[in-house]
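>
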């Protein structure tokens, strides 16, 4: 790991040092809110981004309509919260962030189209957005072609690394391996049954999980089933579960199927307090629709849960509820989306410039210690070092964390031996 | 000729009526002059994307408007055309050089992620551009021919046909998503770069593709017009009206329906291929039920009986969609839903119908006025 | 795949799998009944059928909330109230839609498809605006949760049996109504010969409205019942639409018995295939088989050969 | 014997067989057990006008449906010029030379009279043929000729839906004429016509039957007497009587079931 020199220093000091290095020593001691003292626009923006003396434009690109709106609401809310907090604290390089929001409408070419609009028409300095892999794949060439900057919040299958994207969620190995180790060691699990929705993320995740179960844990996978997106009838596979009696049901079912699956599992008399179930697709957001009673007892592995006990998270949850209402729940992706604007701000300030290339160059090694999940660090491969946690679903829709990896786990989007 | 003047106009079957020439000129002017001059590169690329949907609408005019065969599976053909093109582009983008980090270089990235170690046989021919261009036409046509023959032979029509085509769209979507090692799955085939070495991602390439797209569209309109004014076009209309009568005039109805369906499929496929070229990827989200029905509404808004209307309808609906969803994303579905209902209830012949009922009479009255004046004179003199 | 299992295991799986098939059968029948009336009897291609179902589901959701906060003592019984209200709500909306939309389109069946598709988009956005984009969790009374232990290894889900019971009741009710009542006779008269039915004094407009309302109301009940097994969100209705239409068409659109037979054969095929193959593959094979058979026998399973 | 010239013919044993244009033999069709046509046989000569009469539900229209292939026979045979029709598709039967007019006028409302006739013109019947069909002088002349015969010469440019009921009937007859069938089947050609139209139609039919056989279903006895060479009476799906109008009229069985009341 080639790590940045400044890593160990407190961020504020490091920022000042870096700004000093950037040849603007006078700035360093100025209050952050002083616009007049902000570095000259011409100096911080050499590539024609939408940066004025007082404002910088950032895009938010999520589905507000269509099937994905359900999932993307939280991410979009978190990004807005983060941006408003940054603005309240003086903005980025003395400039307030202006949001341009676009609706991807759960439609991938619309995402590409809107991404292009954000970059070409609005000249956004950065874009927070996308949720599904498909939407990310659709916008990726756009970001690469126009040299944009995307902060992508969802945990995903990996197998990707782009200069123009920062992945603030976990890639599959980060999310899965530690939790499999845990359930094997703590619960003595040896046999696994995989159930997933039929698309790339579950298939890739299950492939990684299978290799790990077979090669590392020396266990067996007794079944692997995929259902079309939107499938709602699971009684047959539940019977198969009853027949095969696996130690662990490992699921990555998404969307409406998720709700149907847990309801039917419960109805079929599979008691999750006795039967181990490990899922990588259920956050607090999903439980809202599934119903806490239906999934209580299941284990979910994520890097973040709303119930995490630490001061950062308490502040974050309070702020989120203040802005979006007490009833809104906060899931893993919501938290990861919240990181995006901050990571960008830090990189911009470290680079002393909004120029994408400089921001990208400044990013690796940045640490964000105020992250609700604890702290994170940007790897040169543009993914985040983060901890993985396993938590048990409670009937009230929250999770109780039962395991936390001791160290930050290195992101490994192209895992050797798992492909 | 010796024939008296008035009946001979009855018998004339000109390729296009004067007003149709005007419509064509207007459309061509908008596509080739107004849009390129008024829109920036980004918006023009969008317009190009919309125009690629217009191919589908055009096909629907022939198959649904004229032939009365409503297909809710045009997305399938749009997708087949698009995927054929995307496979070629993807193979070109997956040169050994570009993919050297993969465990098997030289194959598309998604195959590598799915542990496929050699290019599947049905991908291989798509390394050739001529083959691809032929496949764009032939594959959807063949598929439409098989489906059409099977169903029309057994007199499946109307609502049944609509529902079965819809089911086919659903099946194909599940297949494409499920067979991700061969199809790229739900992400589709992305990151397409060059066409025979020519970078299709640049603004200039987009411009050129836009004009190629426009030219192809006009060519398709002209071919559709040829079909429309041929006896085959009239047989289609006759069939929609009285299928049995056509049968008892000695025509094999199934054959004609299949032809209309195949033609619509080929148009849709051309649109799909152009879409892939302009947008730079293809995904199963254009194959399914929702896009297929949306494509029907383009034709309905434009006027299901009007070739030009189909193009205008497509442009209008998509322009509205983009504008609305930019400014009022929450309202967009209300707008689109309302549009469906409004068109069906109040304007069953769409824009073309509005034009014909309100605009054309005035235009022709004005145009005829000076003509009729001199002919009126001799009468007055009598 | 069975080599490693004991005979009791296998036999209980066999029984449970049989029940899984029956539950799927009930779900399919319930989905398709309303449409069989609307599409089969009236010829209206109601693409908003799924949205009418989801309306029933949302009504159930509201009911569960209401009973929880205001009438906790009656909570165990709320589901019956919810289903009745779901029927009323969806039926009323259906009649409104018939009046505003459908009655203008009886002569243009393909256009009903477009108009109702538009309607479905509007309803989806309405749900989204009112209930939020997220799926809502419907709290079930405790007696509906869990399963009945028949033997040591055979467990039958209670909600599954509940769906089966509801389906049986409603199917019987619909059959009686359509084939034994005066209303049913009027419906069939209007369907077969509208002018003639009008001439003999049947208020055809009223019959149309009631029939459409009935179909939508049954969709509402179905939606209400599905909160036990499925998801309730603005776009959940779309998940059902293709399956539902295929079932009705496969059964032979005009025949109630055909719809039931078709729901039975499709559900059994799918349930069995799902057990032996993977879910996705099973779905594709089932759909392909249905489409294939429909191509060979377009009139569906149960259609009488009639003089044309 | 001439039968030798028709070696493969299944019922070549009948010496008169060669002369029939249409031979319907033991024709039966049942709908769910109900035999709408039951063991019907009759033979139509070239240039003959045969009228089928019978009470409602006797199976008259079904017989025409069976001949033109609209309904498939359960058993029996229909031989037209030595060709078995029961196995052919509708369009093949038309191409073999059988034309059919429906009970209610069946024309294309959205097309003009000219186009209605043009579609019936027996050329370009394949998909490719229709695509490349040219509206040449021969076509125009023939259409004008037929339009003259059916009294619609001044209506060629009119959309068919604006014609009167009688004109629509004529248009359909014209559409058949232009096909130039050897066997013309007319289902109630004068139903719903005014007296004047009826006279014109009888005149029209008498003119167009030259060189072809005609099979007519008609209720109007006056009209039947005017045109029929021979009459076949159907009752409950069976042939009740057959022969000249005179003979049929005096057949007690016919009087009982049909003319009697």
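Protein chains in written order, with the UniProt record's numbering: chain A, 1 to 419; chain B, 1 to 382; chain C, 1 to 308; chain D, 1 to 261.
Glycine residues also receive a C-beta, built at the ideal position from the N, C-alpha and C atoms.
Does any residue of chain A bring its CB to less than 8 Å from the CB of residue 183(B)?
Output row for residue 183(B): interface = no.
> I need the straight-line Cα distance from residue 8(A) to residue 376(A), nearest angstrom please.
Confidence in residue 8(A) is poor, its pLDDT being 39 and thus under 50, which makes the residue's placement unreliable; the coordinate value appears in the next sentence. Approximately 13 Å between the Cα atoms of the pair.
> Which chain A residues sit within Cβ distance under 8 Å of residue 75(C)?
Simply none; closest approach about 13 Å.
> Count the other C-beta atoms from every protein chain shown that fall within 10 angstroms of the C-beta of residue 316(A), then say buried if there are 16 or more, exposed otherwise.
Under this definition residue 316(A) is a buried residue.
> How many whole angstroms separate the CB atoms of residue 89(C) and residue 220(C), which I take to be in contact at a CB cut-off of 8 Å?
That belief holds up - the Cβ atoms of residue 89(C) and residue 220(C) are roughly 6 Å apart, short of 8 Å.
> Quick one: which residues of the stretch 111 to 136 of chain B get their C-beta closer than 9 Å to a C-beta of chain A? List them in chain order.
Per Cβ criterion, the list reads 112, 113, 114, 115.
> Going along chain A in order, which residues have a C-beta closer than 7 Å to the C-beta of residue 13(C)?
Those within 7 Å of residue 13(C) in chain A are 239, 242, 243.
> Taking the CB atoms as reference points, tell me whether residue 166(A) and residue 139(A) lie closer together than 8 Å.
It is not a contact, given that the beta carbons lie outside the stated cut-off.
> How big is the Cα-Cα spacing for residue 131(B) and residue 101(D)?
Their Cα atoms are separated by approximately 50 Å.
> Can you tell me the Cα-Cα spacing of residue 184(C) and residue 174(C), whole angstroms?
Going by the C-alpha atoms only, they are around 9 Å apart.
> Taking 8 Å as the threshold (C-beta atoms), are residue 324(B) and residue 383(B) in contact?
One cannot answer for residue 383(B) here, as it falls past the ends of chain B, which runs 1 to 382.
> With three or more beta-carbon pairs closer than 8 Å as the criterion, would you say the stretch 269 to 287 of chain C touches the stretch 91 to 101 of chain C?
With the cut-off at 8 Å, the stretch 269 to 287 of chain C and the stretch 91 to 101 of chain C do not touch.
> Using only alpha-carbon positions, find the residue among 285(C), 50(C), 55(C), 13(C) that is nearest to residue 178(B).
The shortest C-alpha separation from residue 178(B) is found at 285(C).
> Could you tell me how far apart the beta carbons of residue 232(A) and residue 137(C) are, in whole angstroms, since I believe they sit closer than 8 Å?
The pair is not a contact, with the Cβ atoms about 15 Å apart (cut-off 8 Å).
> Output the boundary residues of the alpha helix (DSSP H) element that contains residue 70(C).
Residues 49 to 70.
> By alpha-carbon positions, which one of 318(B), 117(B), 237(B), 104(B) ends up nearest to residue 335(B)?
Among 318(B), 117(B), 237(B), 104(B), the Cα nearest to that of residue 335(B) is on 318(B).
> Between the C-alpha atoms of residue 35(D) and residue 256(D), what's the straight-line distance to the nearest angstrom?
Residue 35(D) and residue 256(D): Cα-Cα distance of roughly 22 Å.
> May I ask you to report which of helix, strand or coil DSSP gives residue 121(B)?
Reduced to three states, the DSSP call for residue 121(B) is coil.
> So, helix, strand or coil for residue 218(A), using DSSP?
Coil, per DSSP.
> Verify the CB distance criterion: does residue 259(A) have a CB-CB separation below 8 Å to chain C?
Output row for residue 259(A): interface = yes.
> In terms of DSSP beta bridges, what is residue 149(C) paired with?
DSSP output for residue 149(C) lists 155(C) as bridge partner(s).
> Can you list the alpha helix (DSSP H) stretches of 4 or more residues lying completely in the stretch 121 to 170 of chain B, in chain order?
The qualifying runs are 129 to 153.
> Check each candidate in 8(C), 26(C), 14(C), 7(C) and name the one with the smallest Cα separation from residue 162(C).
Out of 8(C), 26(C), 14(C), 7(C), 26(C) has the C-alpha closest to the C-alpha of residue 162(C).
> Could you pull out every unbroken alpha helix (DSSP H) segment of at least 4 residues lying fully inside the stretch 84 to 168 of chain D, listed in chain order?
Qualifying alpha helix (DSSP H) stretches, in chain order: 90 to 96, 113 to 120, 127 to 132, 137 to 149.
> Within this structure, are the beta carbons of residue 67(B) and residue 240(B) separated by less than 8 Å?
Yes; because the gap between Cβ atoms is below 8 Å, this pair is in contact.
> Examine chain A for any beta-carbon lying closer than 8 Å to the beta-carbon of residue 160(C), and answer yes or no.
Yes, its Cβ sits closer than 8 Å to a Cβ of chain A.
> Say whether the stretch 64 to 75 of chain C touches the stretch 38 to 46 of chain C, bearing in mind that this needs 3 or more beta-carbon pairs closer than 8 Å, one atom from each stretch.
The stretch 64 to 75 of chain C vs the stretch 38 to 46 of chain C: no contact.
> Check whether the Cβ of residue 159(B) lies closer than 8 Å to any Cβ atom in chain C.
Yes, residue 159(B) lies at the interface with chain C (some Cβ there is under 8 Å from its Cβ).
> Whole angstroms is fine: what's the gap from residue 74(D)'s alpha carbon to residue 66(D)'s?
Residue 74(D) and residue 66(D): Cα-Cα distance of roughly 10 Å.
> Is the beta carbon of residue 243(A) closer than 8 Å to that of residue 13(C)?
Yes.
> Buried or exposed for residue 293(A), going by 16 or more other Cβ atoms inside 10 Å?
Buried, since its Cβ has 16 or more Cβ neighbours within 10 Å.
> Rounded to whole angstroms, how far is the Cβ of residue 199(D) from the Cβ of residue 143(D), which I believe are closer than 8 Å?
That pair is no contact at about 25 Å.
> Under the assumption that residue 107(A) contacts residue 285(B) (Cβ atoms under 8 Å), give the Cβ distance between them as a whole number of angstroms.
With a Cβ gap of about 6 Å, residue 107(A) and residue 285(B) count as contacting.
> Start and end of the alpha helix (DSSP H) containing residue 229(B)?
203 to 229 is the span of the alpha helix (DSSP H), which, as asked, contains residue 229(B).
> For residue 101(C), which three-state DSSP category applies?
Residue 101(C) falls in the coil class under three-state DSSP.
> Return the chain-ordered ranges of every beta strand (DSSP E) run that is complete within the stretch 102 to 178 of chain A and spans a minimum of 3 residues.
Taking only runs of at least 3 residues, the beta strand (DSSP E) segments lying wholly in the stretch 102 to 178 of chain A are 126 to 129, 150 to 152, 165 to 167.
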